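In our numbering, the protein residues as written are 107 to 244. We put the CB at the ideal spot given by N, CA and C, even for glycine. If you're wondering where the values come from, they're calculated on a predicted model, not measured in any experiment.
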């Protein structure tokens, strides 16, 4: 078995395929294309030639970085492959972010402990309020 990370190769096909198989929201392909063109960085995890995982970074490339769309196909979970993805994301942020840059994410329920291993802080806590989210409706 051969696994490898490729940076900045994400396209609409990979994005939509992984979103569907990982039960994430499905967006129109044109919107996905715009989103991919606008993000800062992406990684795709491959098993041989098959894209099995991905993640993206959005933000301003200096002060704020937000990790988004972090996923691995269900049949590949539990093998610590997510560490390969996170290592690539954090390397990019460390190379581009300023001292004390904000690095945020919204963990999928049940995966908070994974992110805590990298130093992410669970909210709310005594110093920080809850993370919040809203979905655009047209």
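- With distances taken between CA atoms, residue 150 lies nearest to 191 out of 134, 191, 166, 231.
- Here the alpha carbons of residue 128 and residue 193 stand approximately 21 Å from one another.
- In its chain, beyond the 5 residues on either side, 124, 127, 128, 158, 159 have a beta carbon closer than 8 Å to the beta carbon of residue 179.
- Where residue 145 is concerned, there is no enclosing beta strand (DSSP E), because DSSP gives it neither an H nor an E.
- Residue 115 counts as exposed, since fewer than 16 other C-beta atoms from the protein chains shown sit within 10 angstroms of its C-beta.
- Contact check for residue 171 against residue 199 passes: the beta carbons are separated by less than 8 Å.
- No Cβ-Cβ contact shorter than 8 Å links residue 163 with residue 187.
- Rounded to the nearest whole angstrom, the C-alpha separation of residue 220 and residue 141 is 26 Å.
- Residue 137 sits exposed, since fewer than 16 C-beta atoms from the chains shown fall within 10 Å of its C-beta.
- Only residues of its own chain outside the window of five on either side were considered, and among them 161, 162, 163, 195, 209, 210, 211 have a CB closer than 8 Å to the CB of residue 173, listed in chain order.
- With 16 or more neighbouring CB atoms inside 10 Å of its own CB, residue 203 falls in the buried class.
- Burial is judged here by how many other beta carbons sit within 10 angstroms of a residue's own beta carbon; residue 217 has fewer than 16 and is exposed.
- Nearest Cα to residue 111 within the set 223, 226, 165, 189: 189.
- When 238, 232, 185, 134 are compared, the shortest CA-CA separation from residue 213 is found for 238.
- Partner residues in the beta bridge of residue 110, as assigned by DSSP, are 152.
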